[in-house]
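So the protein lines, in turn, are chains A and B.
At position 8 of the first sequence (counting the first as 1) the number is 9 in our numbering, and the numbers step up by one without a gap.
At position 23 of the second sequence (counting the first as 1) the number is 24 in our numbering, and the numbers step up by one without a gap.
2 protein chains.
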Amino acid sequence: MNEPTFLILTALAGEARHGYAVIEDVEGMTGGRVRLRAGTLYAALDRLRGEGLIEVDREEVVQSRLRRYYRLTGAGEQSLAAETARLREQATIAEGRLRARRADFGGATA
Amino acid sequence: MNEPTFLILTALAGEARHGYAVIEDVEGMTGGRVRLRAGTLYAALDRLRGEGLIEVDREEVVQSRLRRYYRLTGAGEQSLAAETARLREQATIAEGRLRARRADFGGATA
DNA sequence: GAAGCATATGCCGACCGTCGGTATATATCC
DNA sequence: GGATATATACCGACGGTCGGCATATGCTTC
């Protein structure tokens, strides 16, 4: 799973959100580092819907603008949980190796 | 940074390794889940070298087969550390939301 | 009142990185 | 002799993201 996809799923894990709200939530979540492009977001939303990881929650019209809200499905929740566990494992492995490296003073042990 | 790239960097964080050894280390590290394709690996190795994140450590000939060993550069180490921190942060955010969700019994609070 | 920005969805071509296969070559195992 | 493991490398195909554009409305600023 790629980063944008993971972030979109995480945004929807909080609560049902419409597309633009996902962009904003992801931006806040990443400290401004990631601002999803419209093309990326809506393509991913369609794809994720096709995969059954998210579904349309409801549609609202606010100030004559459509808002389509999405929510995580059970499969989406499981998928996000699995991906999160994977991320954590990989981070732990990488951190361990990085730490061992530094204990070496850059490789000059002797 | 994509997963294969991250895993390659992590493999080289342990010690200098040649291409095929990276494939094996990544396979072990992921519990057999990820077996890098030759195309993916060598393309990534070339790219990473171009970006200055890794460099050739040495070359050996074992049983008339060439082994080109790569190692992480200082920039590569920093890059991997930053990526690892990012992974951990995102995992923490996602976990928090998933936990909050479950505390809700799937949204039916009332 | 025009310009610019935020909101909101959506399409499109370009690009990057990975996949999957193939090529090449040697050694080992059955 | 054929399959598998080792080891590097190239290639076309594909998927997903980028970046830009289109569309439309409302709000703010000048």
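The beta-carbon is built from N, C-alpha and C at its ideal position, and this holds for glycine as well.
Since this is a predicted model, take the numbers as computed values, not measurements.
**Message:** So with CB distances below 9 Å, who are the chain B contacts of A:LEU42?
**Reply:** One-based indexing of the first sequence puts residue 42 of chain A at position 41. Listed along chain B, no residue sits closer than 9 Å to A:LEU42 by beta-carbon distance, the nearest being about 17 Å off.
**Asked** Exposed or buried, which one is A:LEU67 when buried takes at least 16 other CB atoms within 10 Å?
**Response** Residue numbering aside, residue 67 of chain A sits at position 66 when the first sequence is read from its first letter. By the 10 Å Cβ count, A:LEU67 comes out exposed.
**Request:** Could you pull the start and end residues of the beta strand (DSSP E) that B:VAL1 belongs to?
**Result:** Residue 1 of chain B is absent from the model: chain B starts at 2 and stops at 111.
**DSSP beta-bridge partners of B:LEU67** = To locate residue 67 of chain B, count along the second sequence from 1; it is residue 66. Per DSSP, the beta-bridge partners of B:LEU67 are B:VAL62.
**Message:** Can you list, in chain order, the residues of its chain with a C-beta nearer than 7 Å to that of A:ARG36? Leave out the 5 residues immediately preceding and following it.
**Reply:** What you label residue 36 of chain A is simply residue 35 of the first sequence in a count that begins at 1. Cβ contact annotation for A:ARG36 (same chain, cutoff 7 Å, sequence separation greater than five): ILE24, GLU28, in chain order.
**Message:** My output table needs one value for A:LEU73: the three-state DSSP class, helix, strand or coil.
**Reply:** The residue given as residue 73 of chain A occupies position 72 in the first sequence. If DSSP states are grouped into helix, strand and coil, A:LEU73 belongs with the strands.
**Request:** For B:ARG18, name the three-state secondary structure that DSSP assigns.
**Result:** The count along the second sequence starts at 1 and reaches residue 18 of chain B at position 17. Strand.
**Item:** 8 Å contact criterion, which A:LEU81 and A:LEU73 should meet: CB distance rounded
**Value:** Residue mapping note: residue 81 of chain A aligns to position 80 of the first sequence, counting from 1. Residue mapping note: residue 73 of chain A aligns to position 72 of the first sequence, counting from 1. Indeed they touch by this definition, with Cβ atoms about 7 Å apart.
**Asked** Exposed or buried, which one is B:GLN64 when buried takes at least 16 other CB atoms within 10 Å?
**Response** Position 63 of the second sequence, counting from 1, holds the residue named residue 64 of chain B. Residue burial is scored here from C-beta neighbours: B:GLN64 has fewer than 16 other C-beta atoms within 10 angstroms and is therefore classed as exposed.
**Message:** So, with DSSP's three-state summary, where would you put B:GLU52?
**Reply:** Within the second sequence, the letter at position 51 stands for residue 52 of chain B. Coil.
**Item:** Helix, strand or coil at A:THR41 [DSSP, three-state]
**Value:** Here residue 41 of chain A refers to the residue found at position 40 of the first sequence. The answer is helix: DSSP assigns A:THR41 an H, G or I state.
**Asked** Thinking just about the alpha-carbon of each residue, which of B:PHE7, B:THR93, B:ALA44 is nearest to the one in A:LEU8?
**Response** Position 7 of the first sequence, counted from the start, is the residue given in the question as residue 8 of chain A. Closest by C-alpha distance to A:LEU8, out of B:PHE7, B:THR93, B:ALA44, is B:THR93.
**Message:** Closest to B:LEU99 by C-alpha separation, out of A:ARG102, A:GLU60, A:ALA44, A:GLU16, would be which residue?
**Reply:** Sequence index remark: in the second sequence, residue 99 of chain B carries index 98 (1-based). Ranking A:ARG102, A:GLU60, A:ALA44, A:GLU16 by Cα distance to B:LEU99 puts A:GLU16 first.
**Asked** Going along the chain, which residues of the region 64 to 95 of chain A sit with their C-beta nearer than 9 Å to a C-beta in chain B?
**Response** ARG72, LEU73, GLY75, GLU78, LEU81, ALA82, GLU84, THR85, ALA86, ARG87, LEU88, ARG89, GLU90, GLN91, ALA92, THR93, ILE94, ALA95: these are the residues of the region 64 to 95 of chain A whose beta carbon lies less than 9 Å from some beta carbon of chain B, given in chain order.
**Within 8 Å, strictly: CB atoms of B:ALA45 and B:PRO5** = Along the second sequence, read from residue 1 onward, the residue named residue 45 of chain B stands at position 44. Along the second sequence, read from residue 1 onward, the residue named residue 5 of chain B stands at position 4. Taking a C-beta distance under 8 Å as the contact criterion, B:ALA45 and B:PRO5 qualify as a contact pair.
**Request:** Compare the C-beta of A:GLY20 with all C-beta atoms of chain B and state if any pair is closer than 8 Å.
**Result:** Residue numbering aside, residue 20 of chain A sits at position 19 when the first sequence is read from its first letter. For A:GLY20, no CB of chain B lies under 8 Å from its own CB, so it is not counted at the interface with that chain.
**Item:** Neighbourhood of B:GLU84 by C-beta, 8 Å cutoff - its chain only, sequence neighbours within 5 removed
**Value:** Within the second sequence, residue 84 of chain B is the residue found at index 83, counting from 1. Excluding five sequence positions before and after B:GLU84, the CB atoms of its chain that fall closer than 8 Å to its own CB belong to MET2, PHE7, LEU10, given in chain order.
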